[in-house]
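Trainee: One structure is given below, represented as structure tokens, and several questions about it will come after.
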Amino acid sequence: MQPDLETRLRGTVADDSMLTEYRRELTRWFKIAGMTAISRQLVSHGDGQAIRSMLTEIHTHHGQLTNPMFEYASQVMRDAVTEERSVPDGFGNMIAAAAHPVPAGIVRIAPPEHHGTYKMILDQVIARQDDIETASIPSTLMSDTRAEENIRRCTEIINRHVPRDLVDLPSFANTIVAFDHPEVSGTSVSGATGLVFVRPEPRIVDTIDHIIHEWSHNKFELILHSYQLWTDDTRLHRSPIRDAPRPLYGVFHAIYVLLVVSDAMVHLMELDELRDGATHKVDSFLAECDASLRSLETEPSLTDDGRLFIDICLDWITTIAKDHAAS
Numbered sequence: 044m045q046p047d048l049e050t051r052l053r054g055t056v057a058d059d060s061m062l063t064e065y066r067r068e069l070t071r072w073f074k075i076a077g078m079t080a081i082s083r084q085l086v087s088h089g090d091g092q093a094i095r096s097m098l099t100e101i102h103t104h105h106g107q108l109t110n111p112m113f114e115y116a117s118q119v120m121r122d123a124v125t126e127e128r129s130v131p132d133g134f135g136n137m138i139a140a141a142a143h144p145v146p147a148g149i150v151r152i153a154p155p156e157h158h159g160t161y162k163m164i165l166d167q168v169i170a171r172q173d174d175i176e177t178a179s180i181p182s183t184l185m186s187d188t189r190a191e192e193n194i195r196r197c198t199e200i201i202n203r204h205v206p207r208d209l210v211d212l213p214s215f216a217n218t219i220v221a222f223d224h225p226e227v228s229g230t231s232v233s234g235a236t237g238l239v240f241v242r243p244e245p246r247i248v249d250t251i252d253h254i255i256h257e258w259s260h261n262k263f264e265l266i267l268h269s270y271q272l273w274t275d276d277t278r279l280h281r282s283p284i285r286d287a288p289r290p291l292y293g294v295f296h297a298i299y300v301l302l303v304v305s306d307a308m309v310h311l312m313e314l315d316e317l318r319d320g321a322t323h324k325v326d327s328f329l330a331e332c333d334a335s336l337r338s339l340e341t342e343p344s345l346t347d348d349g350r351l352f353i354d355i356c357l358d359w360i361t362t363i364a365k366d367h368a369a370s
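Sequential numbering of the sequence shown, starting at 44, is according to the working numbering.
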């Protein structure tokens, strides 16, 4: 019996089982797509050997399953097989990056030796941005000590002060890549659960916001594997902190992410250096989410779970606001 929607949205107790189930499915994808790609000669001989080697490791140790690059490489192979084309340039580097297990229960900064692969993925994500100007600006990966210390300090603060039953970083953000871009502050990648790109900020509270924000996107994407909240992807609605209406997919994602960030920020108000920034974020995000949820109440394409999502989130806003007032 799967956990109820509220348990999945507001807690982390079901996260491990959700990830375990997904990674079992992912292993099947990798095996089928990998062996098909080899038999159809869609990968080089060397990459084919690497795929076979990884399959052996998976069945022996299962360590690669926690590496988000394993998921990404699997998706790339699956797309190549479906479209009957060779895997893209750089696939061998993806396999090399995916071959390194990510120890359970930790958050790691992306290893510099694989930055070329992560940069390729980030550039593809930014190129798909709606804003043409934003999409045309190149990004830069950051490997300097200051950026790494910024990220590590933020993860330590989150782990120490935000309850694990709200945000458990290693589950959906076990690999963090620091980058710089004038218009993009962070992004997650569909098809790489656990991978987040974050722009380190001068204010620690803003970097923390970015990390939890992208963690929440990864988690909600997996929740959507189990729950259908709407039926019409063409419907547009008011979205939090966006000027223009967005498709329901983006609206639901934004609401969920901002509520997780708001809930976390209430716990961070106990730290003097974060209090003012955290307070402003909670006040702003709750107002934006409430307005978006109210506009969704009459949306005809909502499923029963979609309407339940709205009720859960409105109740969540009330709880966060009370905790905020008491802090």
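In this text, a Cβ means the ideal position worked out from N, Cα and C, and glycines have one as well.
Can the beta-carbon of Arg15 be found less than 8 Å from the beta-carbon of His253?
Mentor: Here the chain has residues from 44 to 370 only, and residue 15 is not among them.
Trainee: Considering only residues of the same chain and omitting the five flanking positions on each side of Pro348, which have a CB-CB separation below 7 Å?
Mentor: Here residue 348 turns out to be Asp, not Pro, going by the sequence shown. Cβ within range, chain order: Leu48, Tyr270, Gln271 and Leu272.
Trainee: Our contact map puts Ser117 next to Ala76 with C-beta atoms below 8 Å; I'd like the distance itself, whole angstroms only.
Mentor: About 6 Å separates the two Cβ atoms, so the contact holds.
Trainee: Using only CA atoms, which one of Lys324, Ala139, Pro131 and Phe295 lies nearest to Val309?
Mentor: Of the candidates Lys324, Ala139, Pro131 and Phe295, the one whose C-alpha sits nearest the C-alpha of Val309 is Lys324.
Trainee: Tell me the DSSP bridge mates of Val220?
Mentor: Answer is Phe240.
Trainee: Determine the contact status of His158 and Ser186, defining contact as a CB-CB distance below 8 Å.
Mentor: A contact, by the Cβ cut-off of 8 Å.
Trainee: Quick check on His102: buried or exposed, where buried means 16 or more other Cβ atoms within 10 Å of its Cβ?
Mentor: Looking at its Cβ environment, which holds fewer than 16 other Cβ atoms inside 10 Å, His102 is exposed.
Trainee: Is Ala15 near Glu257, with beta carbons less than 8 Å apart?
Mentor: Only positions 44 to 370 of the chain appear in the structure, and residue 15 is not among them; the question remains open.
Trainee: Would you kindly work out how many angstroms separate the C-alpha atoms of Thr63 and Leu336, rounded to a whole number?
Mentor: For Thr63 and Leu336, the distance between alpha carbons rounds to 31 Å.
Trainee: Taking Asp249 as the reference, give the member of Ser344, Ala307 and Tyr115 with the closest Cα.
Mentor: For Asp249, the nearest C-alpha among the options comes from Ala307.
Trainee: Short of 6 Å in beta carbon distance, which residues of its chain neighbour Arg66, apart from the five on each side in sequence? Order them along the chain.
Mentor: Within the same chain, Arg66 has close Cβ partners Leu108.
Trainee: Please look up how many angstroms separate the CB atoms of Asp275 and Ser344, rounded, as I've assumed it's under 8 Å.
Mentor: That pair is a contact at about 4 Å.
Trainee: Looking at the structure shown, is Leu184 part of a helix, part of a strand, or coil, going by DSSP?
Mentor: Here Leu184 sits in strand by DSSP.
Trainee: Of the choices Tyr299, Cys332 and Arg121, whose alpha-carbon is the least far from that of Glu264?
Mentor: For Glu264, the nearest C-alpha among the options comes from Tyr299.
Trainee: Can you name the start and end residues of the beta strand (DSSP E) that Gly229 belongs to?
Mentor: Looking at the DSSP string, the run of the beta strand (DSSP E) that includes Gly229 is Gly229 to Ser231.
Trainee: Please state the DSSP three-state secondary structure of His280.
Mentor: It is a strand residue.
Trainee: For Leu336, verify whether its CB is less than 7 Å away from any heavy atom of the ligand ATP.
Mentor: With respect to the ligand ATP, the structure offers nothing, as it holds no ligand at all.
Trainee: Thinking C-alpha only, which one of Arg189, Asp166 and Glu192 is nearest Ile373?
Mentor: Given that the chain is displayed from residue 44 to residue 370, the structure contains no residue 373 and the question cannot be resolved.
Trainee: What's the gap between the Cα of Val130 and the Cα of Tyr292?
Mentor: Roughly 29 Å separates the two Cα atoms.
Trainee: If you measure between the beta carbons of Met312 and Ser228, is that distance less than 8 Å?
Mentor: The answer is no: Cβ separation not under 8 Å.
Trainee: So Ile152 and Ile219 are supposed to be a Cβ contact under 8 Å. How far apart are they, rounded?
Mentor: Confirmed, about 6 Å.
Trainee: Taking the beta carbon of Pro146 as the centre, do at least 16 other beta carbons fall within 10 Å, making it buried, or is it exposed?
Mentor: Exposed: under 16 other Cβ atoms inside 10 Å.
Trainee: Under three-state DSSP, which class holds Arg66?
Mentor: Here Arg66 sits in helix by DSSP.
Trainee: Tell me the DSSP secondary structure of Arg442 in three-state form.
Mentor: Residue 442 is absent from the structure shown; the chain starts at 44 and stops at 370.
Trainee: Drop a sphere of 10 angstroms on the beta-carbon of Pro283, count the other beta-carbons inside from all chains shown, and report buried for 16 or more, exposed for fewer.
Mentor: Buried, because 16 or more other Cβ atoms sit within 10 Å of the Cβ of Pro283.
Trainee: Residues in the same chain with beta-carbon distance under 8 Å from Leu69, minus the five sequence neighbours each way, listed in chain order, please.
Mentor: Answer for Leu69: Leu108, Phe113, Glu114 and Ser117, listed in chain order.
Trainee: Quick one: grab the DSSP three-state call for Pro111.
Mentor: Of the three classes helix, strand and coil, the one that applies to Pro111 here is helix, per DSSP.
Trainee: Would you mind sorting Ile149 into buried or exposed? The rule is 16 or more other CB atoms within 10 Å of its CB.
Mentor: Flag for Ile149 reads exposed.
Trainee: What does the alpha-carbon distance come out to for the pair Thr230 and Leu238?
Mentor: Distance between the alpha carbons of Thr230 and Leu238: 9 Å.
Trainee: Which residues in the same chain have their Cβ closer than 6 Å to the Cβ of Lys262, if we skip the five residues on either side of it in sequence?
Mentor: For Lys262, where only same-chain residues beyond five positions count, the Cβ hits under 6 Å are Phe215.
Trainee: Taking the continuous alpha helix (DSSP H) assigned at His158, which residues delimit it?
Mentor: Its alpha helix (DSSP H) spans residues His158 to Ala170.
Trainee: Give me, in chain order, the residues of the same chain whose beta-carbon lies closer than 8 Å to that of Ser327; leave out the 5 immediate sequence neighbours on both sides.
Mentor: Taken in chain order, the residues that qualify are Ile284.
Trainee: Give me the DSSP bridge partner(s) of Leu345.
Mentor: DSSP lists Trp273 as partners of Leu345.
Trainee: Short of 6 Å in beta carbon distance, which residues of its chain neighbour Phe352, apart from the five on each side in sequence? Order them along the chain.
Mentor: These residues qualify, in order along the chain: Leu272.
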